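In full-length UniProt numbering, the protein residues as written are 1 to 633.
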């Protein structure tokens, strides 16, 4: 079947569609119902069924004769360390660590917070929790003590699992002092903390509470997989940039396993035994879904990379990993490719490597401008696919489909809606918007399997945040449009759509124009306050390395380019040249923060910001063109 047939069946017969997909997962007890809608808008997939996610991701592959196949390839240029872990070895490590956690009193339904960098033990800890039926909550390694304490108070974990430090290209980040301070700050006090002592930065242990990793498994018996209900939580993942009480996105076991297993073949075109690489971090949803669970559920080999796209040691880092480990498909953020393009715009480093086993590149996390997508496709000579999804959904909402029907690459679009997602464009009153016109991107309920069923212990907030905008629909928070052929264009967050003298304009469209200039490495457009027009667009651009052009002439060219392609209605005349843009660690550009800096409004830097010092640079740049510090041009 082609895409249209598959998609239509998924929307018109979701129970038949997902019931068939569920045959790809091993169940201890068959489910009573594919979709339980008796408590709508709280929908439950595979109600009554019992399974274990760790069994499906590890044990069943060993039992089917794939024990000698690599499950995890660990590649760490920052420690000069590489390691391959087979499925059989992974089963042994996970079952022993699960035994260690059980000895500390961790049982089905208990929470465990994991605070680790990109190392195999992070995956072992996650899978060990899943094995026990415990609920893990991974917190990005290096998060502040306050943010960690907030999550401890919300999840109330029985135990923590941490590494003593993380390693950046030029520094060691001590985790243990941050962890100890979080323990002091938190009202809830976990019973135990298992610490993996890394030689690059060992931490001081607290007697009676802390246990070294090897000590925790010394003398324990391997623990079997514990059956859990399909509707039981597998993990909690707190959304980035939370203030006050964080939003804990809940992921269930059954729907998650079914949808992610299905996605590997149908979206990413993978086969069991092939190497899949998501160059992200286990602290983000991409890491949960496509470093850990999806590749292992499907029987692939997953790459755990502790490094950067540039600087570890050079812009050829990704190409080395692809060649060395024979990666078939890669998934990363557009930000990573912009960084490579900025440092090596002619792709000289790529020429040193054999990419013959590499089939496709997927991009997500930040909207990919057509210029970056075109550059990547030109140098790789492979499909470069921009696709779109959210922490809340756990897997793609829109994509291209290497395992169903591959569409021609269209720069600017995130592809077509993924089977299971009934994507619609509605106006502020809930009326459908014609093809080609901007509106709110909504998903008609029920959401497909693997999407959040609710927020951790907060059903009311779940309804208020996601379901209240339009009854019967999930609000994505993004604006965009569907074209005549059904391709989805995600133009940015709803609050990034600016109103210039009564005209609603997409900052994403302006960013596309700026990014197409040959001197621009990356950019962002924000709406700033204006007494006459209400809002005015402001562009912030980073110049490519090695480009010599004076800032004033560049500004004039960019203003003229936007005026030519968007029109005079955009009133685009403000451009700031900056050294770098503020981002979260997952690569999202912090447009809302820059908007507040420009408008001289108070703001709280999100916990996920990569480098807070950038904000001072931005303020300085904006002050230089008459914005920020209360000066309006």
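Ideal placement from N, C-alpha and C gives every residue a C-beta, glycine not left out. Bear in mind the structure is a predicted one, so any value in this text is a computation, not a measurement.
DSSP places residue 137 in the strand class (E or B) of the three-state scheme. Per DSSP, residue 367 lies in no alpha helix (DSSP H) and is assigned neither H nor E.
In this structure, the CA atom of residue 7 is about 15 Å from the CA atom of residue 446.
Between residue 264 and residue 206, the alpha-carbon positions lie close to 43 Å from each other.
Listed as beta-bridge partners of residue 81 by DSSP are 76. Counting C-beta pairs with one atom in each stretch, the segment 112-132 and the segment 300-310 have three or more that are closer than 8 Å, which means they touch. Sixteen is the threshold: since fewer than 16 other Cβ atoms of the shown chains lie within 10 Å of the Cβ of residue 271, the residue is exposed. Fewer than three beta-carbon pairs drawn from the segment 244-253 and the segment 1-15 are found closer than 8 Å, and the two stretches are therefore not classed as touching. The alpha-carbon separation between residue 75 and residue 321 amounts to approximately 8 Å. If you draw a 10 Å sphere on the C-beta of residue 170, you find fewer than 16 other C-beta atoms in it, and that means exposed. Excluding five sequence positions before and after residue 605, the CB atoms of its chain that fall closer than 6 Å to its own CB belong to 612, given in chain order. For residue 327, the uninterrupted beta strand (DSSP E) run begins and ends at 327-332, by DSSP.
Taking the CA atoms as reference points, residue 623 sits about 18 Å from residue 572. Within the same chain, 338, 341, 342, 542, 543, 544 come within 7 Å of residue 521 by CB-CB distance, once the 5 residues on both sides are set aside. Between the segment 279-294 and the segment 452-463 there are fewer than three C-beta pairs closer than 8 Å, too few to call the two in contact. Bridge partners of residue 236 according to DSSP: 250. Judged by their CB atoms, residue 212 and residue 197 are nearer to each other than the 7 Å cut-off. Beta-bridge partners assigned by DSSP to residue 172: 167. For secondary structure counted as the beta strand (DSSP E) over 3 or more consecutive residues, the segment 294-359 holds these complete runs in sequence order: 301-305, 327-332.
Our two residues, residue 61 and residue 129, have alpha carbons roughly 19 Å apart in a direct line. In chain order, 316, 319, 320, 322, 323 place their CB closer than 8 Å to the CB of residue 353, counting only its own chain and leaving out the 5 sequence neighbours on each side. Taking 7 Å as the cut-off, the Cβ atoms of residue 51 and residue 27 count as close. Assigned with DSSP and collapsed to three states, residue 442 falls in strand. Rounded to the nearest angstrom, the gap between the Cα atoms of residue 591 and residue 526 is 6 Å. Annotated three-state conformation of residue 543 is strand, per DSSP.
Of the other Cβ atoms in all chains shown, fewer than 16 fall within 10 Å of the Cβ of residue 569; this residue is therefore exposed.
Taking residue 574 as the centre and dropping the five residues before and after it, the same chain places the C-beta of 528, 536, 537, 538, 539, 625, 627, 633 closer than 8 Å to its C-beta, in chain order. Distance between residue 477 and residue 492, taken at the CA atoms: about 9 Å.
Assignment of residue 507 by DSSP, reduced to helix, strand and coil, places it in the helix class.
The beta carbons of residue 490 and residue 388 sit closer together than 7 Å. Contact check for residue 91 against residue 58 passes: the beta carbons are separated by less than 7 Å. As computed with DSSP, residue 455 is found in a beta bridge with 249. Residue burial is scored here from C-beta neighbours: residue 499 has fewer than 16 other C-beta atoms within 10 angstroms and is therefore classed as exposed.
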